[in-house]
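Per UniProt numbering, the very first residue in the sequence shown carries number 1; after that it's consecutive.
Backbone N, C-alpha and C fix where the C-beta goes; we use that ideal spot for every residue, glycine too.
In this text, all values refer to a predicted model and were calculated from it rather than measured experimentally.
Read through the structure below, which is laid out as structure tokens, and then see the notes.
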Amino acid sequence: MTSAEQLKEEFQIEGITETSVLRYFETLNAGEFEATAALFAQDGVMRPPFESDIVGTDAIAAYLKQEGQNIKAYPSTGIAEALENATIQVQVSGKAQTSWCTVNVLWLFILNQQRQISYTKIKLLASPQELLSLRREN
């Protein structure tokens, strides 16, 4: 069994069955950022913490290659609800680990009718003091 097969087997988020959301975390943790970006709609949007919107699969892939190298996501539970126009909102809570800290995170996904990610927002759940210490010096 390859490590990728092992990852797929073990990768479950309580309450979430949407393949694109599960694959988002699988590919992100495996460092397969092109595959992560490919889960987004062509005009999909990613909103990372402390950043403005990153629009389009090419820009998302480039951003992840630059910023996602040492990040591991550990989603634990989630809820999905149907919205209007056959879209689905998925909220996933868990932790993200960088080379220098671990923080609680809420990921918010909006999936379009084709089940592509049209929008995701990554929200850090930390106190203002914790957030200040996380912010990178530019």
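Leaving out the 5 sequence neighbours to the left and right, which residues in its chain are closer than 8 Å to residue 87 when beta-carbon positions are compared?
-> So the qualifying residues of the chain are 110, 111, 112, 113, 118.
Assign residue 28 to buried or exposed, taking buried as 16 or more other Cβ atoms, counted over all protein chains shown, within 10 Å of its Cβ.
-> The C-beta of residue 28 has 16 or more other C-beta atoms within 10 Å across all chains shown, which makes the residue buried.
Any Cβ of chain C within less than 8 Å of the Cβ of residue 35?
-> Reference to chain C is not applicable here, since this structure consists of a single protein chain.
Taking 8 Å as the cut-off, decide whether the C-beta atoms of residue 21 and residue 103 are in contact.
-> No, Cβ-Cβ distance for residue 21 and residue 103 is not below 8 Å.
Helix, strand or coil for residue 60 per DSSP?
-> Under the three-state reduction of DSSP, residue 60 is assigned to helix.
Distance, Cα to Cα, residue 108 vs residue 13?
-> When rounded, the distance between both Cα atoms is 14 Å.
What are the boundary residues of the beta strand (DSSP E) that residue 81 is part of?
-> Counted as a single uninterrupted DSSP element, the beta strand (DSSP E) harbouring residue 81 occupies residues 72-82.
Tell me the DSSP bridge mates of residue 118?
-> Partner(s): none; residue 118 has no beta bridge.
Can you grab the Cα-Cα spacing for the pair residue 73 / residue 94, in whole Å?
-> Cα-Cα distance, rounded: 8 Å.
Ordered along the chain, which non-local residues of its own chain (more than five positions away) have a Cβ less than 6 Å from that of residue 54?
-> Closer than 6 Å at Cβ, skipping near neighbours: 46, 60, 63.
Euclidean distance between Cα positions of residue 42 and residue 116 = If you take the alpha carbons of residue 42 and residue 116, they lie about 9 Å apart.
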